[in-house]
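Q: By our numbering, the letter at position 223 of the sequence shown is numbered 1346, and the numbering carries on one by one without gaps. Glycine included, C-beta positions come from ideal geometry on N, C-alpha and C.
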Amino acid sequence: MKKRKIDRNWVEQQVRDYTAVLPRYVEYSDILNKILKLESERIAPMSIIQLRTKTIPSFIGKAIRKADYRRNPVQEFTDLTGARIIVQTRDYIEPVCNFIKDFFDIDWDNSLDVTERLKSTEFGYRSIHYIVSLKPDMASRLYSNVKIPDSAYPDDSTPMKAEIQIKTVLEHCWAQYSHDLSYKGSFKLPDFIERELAVVSALLESADSSLIRINDRIKGYTASYGSYLTESEISDEIALNEIILEYAPDQFQNAYKIGKLAKSIADWEKMIEVLSGFIDYNYPPILRDLGIALCQKYKADTNSVEFKQGQKYLKASIQLDSSDIDAISSYAGTWKNIDPQMAHKLYKKAFEIDDGDPYVLGNCLEYEIKSRGDDSIISLMSQPLERAINRCREQAEVGTNYPWAYYDMGKFYLLADKPYMAMLAYLNAIKVSSAPFMVETSKRSLENIKPAIGKYFDWANELLEIGCHLIADSEESCDDFQKSTSKEDCDIKDSVVIVAGSCDSMSEFMVDMYQERLTDAFRDFHGTIISGGTDSGISGIVGSLQEKFKSKINTIGYVPSELPTGAKIDERYSQIRRTPGYEFNPLQIIMYWRDIITSGIDPKTVKFICINGKLLSVFEFMFACVMGAKVITLQKPSSDSNVADDNVLLSYLNEIEVFPHHKYVLRSFIGIGTEKLPVDVREKLAIHIHNRYRATYPPQLVINPESMVEWEDLSEEYRESNRENVDNILQKLNEIGFDMEKIDDESDKLMVFTKEQEEIMAEMEHARWLAEKIVLGWKYGRRIDISEKTHPSLVSWNDLSDVQKEIDHRMVKNMPWFPTELKLRVRKK
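1. If you count every other CB in all the chains shown that lies within 10 Å of the CB of Met1169, and 16 or more means buried, which is it?
2. Can the beta-carbon of Gly1656 be found less than 7 Å from the beta-carbon of Tyr1696?
3. Does DSSP classify Phe1401 as helix, strand or coil?
4. Between the Cα of Thr1212 and those of Glu1396, Leu1235, Ile1166, spot the shortest distance and give me the residue it belongs to.
5. Give the straight-line distance between the Cα atoms of Ile1576 and Leu1550, rounded to the nearest whole angstrom.
6. Please classify Arg1147 as buried or exposed, where buried requires at least 16 other C-beta atoms within 10 Å of its C-beta.
7. Determine the burial state of Val1754: buried for a count of at least 16 other Cβ atoms within 10 Å of its Cβ, exposed for fewer.
8. Any idea what DSSP makes of Arg1700, helix, strand or coil?
9. Whole angstroms are fine: how far does the CA of Glu1356 sit from the CA of Lys1493?
10. Here's the rule: buried if 16 or more other CB atoms are within 10 angstroms of the residue's CB, otherwise exposed. What is Asn1132?
11. Compute the Euclidean distance between the alpha carbons of Met1544 and Gly1533, then round it to the nearest angstrom.
12. With a threshold of 16 other CB atoms inside 10 Å of the CB of Leu1503, please say whether the residue is buried or exposed.
13. Give the DSSP-derived three-state secondary structure of Lys1242 in the structure shown.
14. Short of 7 Å in beta carbon distance, which residues of its chain neighbour Ile1652, apart from the five on each side in sequence? Order them along the chain.
15. Under DSSP, the alpha helix (DSSP H) around Asn1513 begins and ends at which residues?
16. What would DSSP say about Glu1083, mapped onto helix, strand or coil?
17. Go through its chain and collect everything with a Cβ distance to Lys1799's Cβ below 7 Å, but skip five positions before and after it.
18. Threshold first: 4 residues or longer. Then list the alpha helix (DSSP H) segments lying entirely within the segment 1196 to 1229, N to C.
19. Output needed for Cys1601: all residues of its chain with C-beta closer than 6 Å, excluding positions within five of it in sequence on either side, in chain order.
20. What does the Cβ neighbour count give for Gln1518, buried or exposed, with the cut at 16 atoms within 10 Å?
21. Using the Cβ count rule (16 or more neighbours within 10 Å means buried), how would you classify Tyr1370?
22. Does DSSP put Leu1947 in a helix, in a strand, or in coil?
23. What are the partner residues of Gln1729, as DSSP defines its beta bridges?
24. Taking contact to mean 3 or more Cβ pairs, one atom from each stretch, closer than 8 Å, check whether the segment 1701 to 1710 and the segment 1719 to 1735 are in contact.
25. Starting from the Cα of Met1546, find the closest Cα among Glu1199, Ile1712, Tyr1903 and give me that residue.
26. What residues in its chain sit with their C-beta under 6 Å from that of Leu1410, if we drop five residues either side in the sequence?
27. In three-state DSSP terms, what is Tyr1681?
28. Based on the DSSP secondary-structure assignment, which residues constitute the bridge partners of Ile2021?
29. List the DSSP bridge partners of Arg1175.
30. Determine the direct distance from the alpha carbon of Ile1171 to that of Phe1246, and round the result to whole angstroms.
31. Can you tell me whether DSSP reads Leu1257 as helix, strand or coil?
32. Taking the alpha-carbon positions, what's the Tyr1404 to Asn1377 distance?
33. Got a sec? Which residues, its chain only, sit under 6 Å from Arg1516 by beta carbon, not counting five neighbours each side?
34. Could you tell me the distance, in whole angstroms, from the CA atom of Leu1161 to the CA atom of Leu1363?
35. Please give the ranges of any alpha helix (DSSP H) in the segment 1732 to 1799, keeping only runs that are unbroken, at least 4 residues long and fully inside the region.
36. DSSP state of Ile1367, grouped into three classes?
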């Protein structure tokens, strides 16, 4: 190797020259740092920005190595200062490059895209290097407020160039171990190391591609919506982020977060208020969401200045990010009532970008179906439909895009001729909807696809009607709520228990067992039982209850106008109500819930028992859960293979435990119905029971301290538990041949129970507690855990510990000690 000759005088001159301009480059580096950090937040969040300015030793080393062809390094070197932008994945590379090219002067002769020199079969060091200098109007064009001194701009004496490298995290990792070792190394690496590096390179490139796919999926979950929160939680989050924004007013990402939260509860005013202050940042999602808010708030007047301004923001957002289908489809939505063809054109544009996006596909299909008047387009859309359904399911599974993921899923399942899946999806949608407009929007969407879904339109429309009322939850809503279309009087009186299911797959022994079990369970009940109305299976058992208990109960059967072949009306029912159609379907279930609501009965007081059954029973079970009824299953219904173990659609069914076959437990769940004590007496007794509980219950066995507070501070859930305990006293007394009576003389002797009577009532007290806890979702566990809802006493009486049995005995012994002012006593019948 030829020995390098070093001119010391030349070196000293170069050092003097560089030392003179070094402060300018240090300042330039600081300015680049501010610009790139602020702008990368806008276009490539979570990027890492690294800056460096060549030190004197580094400058000397490079100057000497390049001395043969770089005689004036201060003027000729293009990397005296530099920046490295390390993005998460390669899909952020292009927007960062576009920013660099738009806002800097590029020295193209000295810039390099290393990816261009790699063959298609090669892996290796990939990076993009731009040699840049500031444009004269840089400060005025930036979205961020960065002050740039004149010394940072190039002049005749100093070119003020900088090298900006752009790479991914994994490319940066590769560079550290490959580029720095071989490209900059002082010796050739051995072949075995080169081969090993090639393997690592291939793995890193594969990982980079995987990260892009993962990132795309995450964007699909969170692009314009976040995780599901209740309205109260959303309000709390908005308040928290507003405080943060107050102390960090330049944090546009935080403003965007507030806007996104406000959008989830349709608070258009809050969105406009917060996002309007960040228009100049030209951050596409902010422009998009501000445009959406303005167009939503002023949609009643599409000619208004505000509505048109909203459209302008949406259009500007699309110009900045032409791949944002949310912006394109939202912009399309603003044209629906102005120029339907324009709207369709924009939806098609979004569809071409992503044909599996639920919002885009849904609107395209609605337009086509409405304009054609039939379902001819559906056969051409089977694959996009499948992709959109899967997208909705993924969103629902991770808790994003609520409730629209479920509403869209319902619509797509209807179009795919899977009506029961659709109805289950709509039920889940109603459960997580926070405002009536959400259901109303889906009802309008349903109208648009009516020509393609036939009779299923009535199923879905009636269900959404109930959903609208349930969410509105107001007297006015109840007044507006239409009554059932059945011809008979729709009013329902008394306490209501719904018995659903089927005996189709049961043995005769099992049918007899349920007959016996239900007969025992309803022996104390006074009220209404709703069931299927035919003389076979579970419906037939309910008919036999009417026959046995006669005037104590009122049975109502809901059947289609035309019964299926082989089905017969059970004439023992008090009343049969018919719904349109010729087969058992969701309409019967929807109609009895409609009748319950219009009768002024709170769905939360309704009790629901499911025994076996198939897909229709699955829907019936889920409906009761969504309505807030107290739900149990004696034998879980079975669904077809498409729905079984579906945690997205059947979350309630998969979580619930089968109700235990312990003595008295089912009877305790059903209760006494309408045969309760007068309201004032019942309330005073409930307070009395609660106070006795607080005074006598062992502190170490208390599940939740909230159950031990004063009555005035007690939650409604615990108050109702005490009231039901009062009702259960009547059941206990009835079981041993006693009841309550009014007395005139407060000095009457108290009743003393025998040990056998006390044992029966203590077992019934445990059954009452067991039923209450199971309905609330508690399960057996070896220790008490409030968060997991586990308790070691959730077992049969025979398996119960002596300590817990003693507590139940103590509760029974307290029974005769009624407050003297009530003038009540226990007496033998």
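A: Looking at the coordinates:
1. Translated into the one-based positions of the sequence shown, residue 1169 becomes position 46. The residue is exposed, with fewer than 16 neighbouring Cβ atoms inside 10 Å.
2. Within the sequence shown, the letter at position 533 stands for residue 1656. Within the sequence shown, the letter at position 573 stands for residue 1696. The answer is yes: Cβ separation under 7 Å.
3. As a position in the sequence shown, residue 1401 is number 278, starting the count at 1. The answer is helix: DSSP assigns Phe1401 an H, G or I state.
4. The sequence position of residue 1212 within the sequence shown is 89, counting from 1. Of Glu1396, Leu1235, Ile1166, the residue nearest in Cα terms is Ile1166.
5. As a working note, residue 1576 is residue 453 in the sequence shown. As a working note, residue 1550 is residue 427 in the sequence shown. So the two alpha carbons sit approximately 18 Å from each other.
6. Here residue 1147 refers to the residue found at position 24 of the sequence shown. Buried is the call here.
7. Working through the sequence shown from its first residue, we reach residue 1754 at position 631. Label assigned to Val1754: buried.
8. Position 577 of the sequence shown holds residue 1700. Note: Arg1700 maps to strand in three-state DSSP.
9. On the sequence shown, position 370 is the one that residue 1493 refers to. On the sequence shown, position 233 is the one that residue 1356 refers to. The alpha-carbon atoms of Lys1493 and Glu1356 are separated by roughly 38 Å.
10. If you number the sequence shown from 1, residue 1132 lands on position 9. By the 10 Å Cβ count, Asn1132 comes out exposed.
11. Here residue 1544 refers to the residue found at position 421 of the sequence shown. Here residue 1533 refers to the residue found at position 410 of the sequence shown. Cα to Cα, Met1544 sits roughly 7 Å from Gly1533.
12. Looking up residue 1503 in the sequence shown gives position 380. The residue in question, Leu1503, is exposed, as its Cβ has fewer than 16 Cβ neighbours within 10 Å.
13. Position 119 of the sequence shown, counting from 1, holds the residue named residue 1242. With a pLDDT of 49 at Lys1242, under the threshold of 50, the modelled position of this residue cannot be trusted; read the value that follows with caution. Correct three-state label for Lys1242: coil.
14. Taking the first residue of the sequence shown as 1, we reach residue 1652 at position 529. So the list reads Val1620, Val1622, Val1665, Leu1668, Ile1676, Thr1678, once near-sequence residues are dropped.
15. Here residue 1513 refers to the residue found at position 390 of the sequence shown. Element bounds for Asn1513: 1505 to 1521.
16. The shown model of the chain, from 1124 to 1952, leaves out residue 1083, and the question about it has no answer.
17. On the sequence shown, residue 1799 is found 676 positions in, with the first residue counted as 1. Taken in chain order, the residues that qualify are Arg1805, Asp1850.
18. 1196 to 1199, 1216 to 1226
19. Here residue 1601 refers to the residue found at position 478 when the sequence shown is read from its first residue. Unreliable positioning characterises Cys1601 in this predicted model, as indicated by a pLDDT of 48, which lies under 50. The coordinate reading is nonetheless provided below. Here the set comprises nothing.
20. Here residue 1518 refers to the residue found at position 395 of the sequence shown. Classification for Gln1518: buried.
21. Sequence index remark: in the sequence shown, residue 1370 carries index 247 (1-based). Per the 10 Å Cβ criterion, exposed.
22. For the purposes of this step, residue 1947 is taken as residue 824 along the sequence shown, with counting starting at 1. Here Leu1947 sits in strand by DSSP.
23. Numbered from 1 along the sequence shown, position 606 holds the residue referred to as residue 1729. The sequence as given places Val at residue 1729; Gln does not occur at that position. Beta-bridge pairing links Val1729 to no other residue.
24. no
25. Position 423 of the sequence shown, counted from the start, is the residue given in the question as residue 1546. Comparing C-alpha distances from Met1546 to each of Glu1199, Ile1712, Tyr1903 shows the shortest one belongs to Ile1712.
26. Position 287 of the sequence shown, counted from the start, is the residue given in the question as residue 1410. The residues are Tyr1436, Ala1439, Ser1440.
27. Position 558 of the sequence shown holds residue 1681. In the structure shown, Tyr1681 sits in a strand (DSSP, three-state: E or B).
28. Given that the chain is displayed from residue 1124 to residue 1952, the structure contains no residue 2021 and the question cannot be resolved.
29. In the sequence shown, residue 1175 corresponds to position 52, counting from 1. Beta-bridge pairing links Arg1175 to Gly1205.
30. As a first step, residue 1246 must be located in the sequence shown, where it is residue number 123. As a first step, residue 1171 must be located in the sequence shown, where it is residue number 48. Annotation note: pLDDT 48 at Phe1246 (below 50); position unreliable, no value reported.
31. For this step, residue 1257 is matched to residue 134 along the sequence shown. Three-state DSSP puts Leu1257 in a strand.
32. As a position in the sequence shown, residue 1404 is number 281, starting the count at 1. As a position in the sequence shown, residue 1377 is number 254, starting the count at 1. Rounded to the nearest angstrom, the two C-alpha atoms are 13 Å apart.
33. One-based indexing of the sequence shown puts residue 1516 at position 393. Taken in chain order, the residues that qualify are Val1771.
34. To locate residue 1161, count along the sequence shown from 1; it is residue 38. To locate residue 1363, count along the sequence shown from 1; it is residue 240. Near 23 Å, if we compare the C-alpha coordinates of Leu1363 and Leu1161.
35. 1738 to 1750, 1774 to 1778, 1788 to 1793
36. By one-based count along the sequence shown, residue 1367 stands at place 244. Here Ile1367 sits in helix by DSSP.
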